[in-house]
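Shown next, in structure tokens, is the structure this report addresses.
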Amino acid sequence: MASLEGIEAMLVDLDGVLYVEEGAVSGAKEAVGRLRAAGLGLRFVTNTTARSRAQTLEKLGRLGFEVDPDELITPAALARRHCEERGHETVALIMNEDVKDDFAELREVGEHPDAVIMGDLGEAFGFPILNRAFRMVMDGAELIALQKNRFWLTDDGLSLDAGPFVAAIEYASGDEAHVVGKPAPAFFEGVLGGLGADAEHAAMVGDDVESDVAGAMNEGLAGILVRTGKFREDFVRESGIEPTATVDSIADVPELVDA
């Protein structure tokens, strides 16, 4: 197994890495403990937009992971910051009601918003919702995507994530979404800035070879791919992406950094 020298900070994805649906990945809790004991700066980063920040913290605790609120990074905070920087005061929130709690500082409106913020709606996505978002973007609203993942793993198999629906609005409107989650460069820059870490001394652990691994490597981090969650050998092979390291699960990651 290859070793990664000089790693001082690690970004760890949640879904598919620490847990899959309601079950923790075998050895994940112990691996997180070993990484902490080794003195690595940890941030738990997610593109999940199906749950609010509070719900995600609750789930981590319920599954046995001790995570400080400051260690959890979600796209919602970055979207709020972007709206503040752009002067957006009114928004249309295309996401489930729980996640809307993370946007309480913004005013949700039904017509002529400054921005359309898209997250995950699962099976609730449909023509009326997408057409409403499309019309708002055509009327001048900025399209903001909390993430643009293609798919994720659920209990009953691979399922469409928010990305295909964001892409539909982009294609129809001709506007490119401002993506705040992985693999957006600003996502990694913001996380590393909060850790006070340099990219060359940081690594990202994920099950998504595009958003997690390639996104991190493009910004100078090491990219560690795990064979859990949405990992599919054929998808990785066809992507042409060569991770810094590939391991069976996060349980193997401490060995990479001698933790």
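So that you can map any letter, position 214 of the sequence shown is 279 in our numbering, and since no number is skipped, the others follow by simple counting. The C-beta atom is built at its ideal place from N, Cα and C for all residues, glycine as well. As the structure is a prediction and not an experimental result, all values here were calculated from the model.
Where the beta strand (DSSP E) containing residue i begins and where it ends
i    : result
L225 : 222-225
L208 : 207-210
R197 : No beta strand (DSSP E) contains R197, which is instead part of the alpha helix (DSSP H) from 192-203.
T155 : 155-159
Within 7 angstroms, strictly: CB atoms of residue i and residue j
i    : j    : result
V270 : V82  : yes
T155 : V181 : no
R99  : P319 : yes
F352 : E73  : Because the chain here runs from 66 to 324, residue 352 falls outside it and cannot be looked at.
D78  : D277 : yes
M75  : L105 : yes
P229 : G280 : no
P308 : G288 : yes
Residue i (DSSP reduced to helix, strand or coil)
i    : result
M75  : strand
D133 : coil
F252 : helix
G98  : helix
V270 : strand
M282 : helix
L321 : helix
M66  : Residue confidence for M66 is low, a pLDDT of 45 falling below 50, so the modelled location carries little weight; the figure read from the coordinates is stated next. Three-state DSSP puts M66 in coil, outside helix and strand.
G305 : coil
G175 : coil
H243 : strand
G187 : helix
F168 : helix
V110 : strand
V82  : coil
V231 : helix
F216 : strand
G104 : coil
A262 : coil
A180 : strand
A119 : helix
G88  : strand
Option in the options with minimal Cα separation from residue i
i    : options                : result
D220 : L76, E173, G88         : G88
S238 : R127, R197, L100       : R197
A169 : E176, G228, R145       : R145
G285 : E303, R297, D263, G305 : D263
K213 : A93, A316, T114        : T114
A210 : Q120, F296, A96, I159  : I159
S314 : E149, Y84, V231, D240  : Y84
S304 : D273, A310, A281       : D273
R200 : A189, H177, E188       : H177
E70  : A267, M282, L195       : A267
F216 : F300, C148, P140       : F300
Residue-level contact to chain C via CB, residue i, 7 angstroms cutoff
i    : result
E162 : Here there is only one protein chain, and chain C is not present.
Start and end residues, alpha helix (DSSP H) containing residue i
i    : result
A310 : From DSSP, A310 is part of no alpha helix (DSSP H) but of the beta strand (DSSP E) over 310-312.
I315 : Counting along the chain, I315 falls outside any alpha helix (DSSP H), and DSSP gives it neither H nor E.
L290 : Looking at the DSSP string, L290 is not in any alpha helix (DSSP H); the run it does join, the beta strand (DSSP E), is 287-291.
Taking 8 angstroms as the threshold, find out whether the region 118-137 comes into contact with the region 230-237 through three or more Cβ pairs. no
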